[in-house]
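Peer 1: Pasting a structure here, questions to come.
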Amino acid sequence: MAGVSGRHCLQPSWDPGQTIAQLSLSDLLSHGIRAAVIDVDRTLLPGRDVQLSGPVKAWLVDARQSLHLHLFSNNPSQRRISAVADQLEVGFTFGARKPHRAALRRVVADLNLPPECIAMVGDRLFTDVLGGNRLGLFTILVRPIASDGGPCTRDGIQRLERTLARWLGAPAA
Ligand SMILES: [Mg+2]
2 MAGVSGRHCL QPSWDPGQTI AQLSLSDLLS HGIRAAVIDV DRTLLPGRDV QLSGPVKAWL
62 VDARQSLHLH LFSNNPSQRR ISAVADQLEV GFTFGARKPH RAALRRVVAD LNLPPECIAM
122 VGDRLFTDVL GGNRLGLFTI LVRPIASDGG PCTRDGIQRL ERTLARWLGA PAA
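So the sequence shown is numbered by our numbering: it starts at 2 and just counts up by one.
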């Protein structure tokens, strides 16, 4: 299953083994990244809470100075996703239906940037990475976040998805 770039469609462009709060902004900028489309559940917030942890909020506030940010969630609750986006004054999409392309295509068109300059950041291979790869975005698989902003120790879903992706021919991380 080859993606737009020839990479397997379940292989992230970057698999740093870090949470979003640990990602190096200077590395992203030196890659030519100019916008980030960011998953919400388990990428920015662990549970039902809408209050961002200190490290995650600090990263986003910092990132916002050099990148266009857009929150992009499959969560059907407009109230939840807008409550998060309002803390940052950034745009958002709820009920995005990743890995379907329609909603993501609209965000990419609005950003008006080449797809390889747009990072898709998320914790799930079969929604975030697959959806982003299908449009040729720079996909980043992050570790799920815990409530204190550190890495979540129970990332069974991501482990299972990595196993499934290898069965489907994606190279091991
Ligand atoms: Mg997620």
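Just so it is clear, CB atoms sit at the ideal spot from N, CA and C, and this is done for glycine as well.
1) Could you check if residue 125 belongs to the surroundings of ligand 1, using beta carbon to heavy atom distance under 7 Å?
2) Ligand 2 and residue 66: does the residue's C-beta get closer than 7 Å to at least one heavy atom of that ligand?
3) Nearest-angstrom Cα distance between residue 108 and residue 70?
4) Following a CB-centred definition, is residue 40 positioned closer than 7 Å to any heavy atom of ligand 1?
5) Give a yes or no on whether the C-beta atoms belonging to residue 35 and residue 68 are separated by under 8 Å.
6) Examine the Cβ distances between the segment 113-129 and the segment 31-47 and report whether three or more of them are shorter than 8 Å.
7) By DSSP's criteria, residue 73 is part of a beta bridge. Which residues make up the other side?
Peer 2: Judging by the given coordinates:
1) yes
2) The model depicted lacks ligand 2 and carries ligand 1 instead.
3) 11 Å
4) yes
5) yes
6) yes
7) 94
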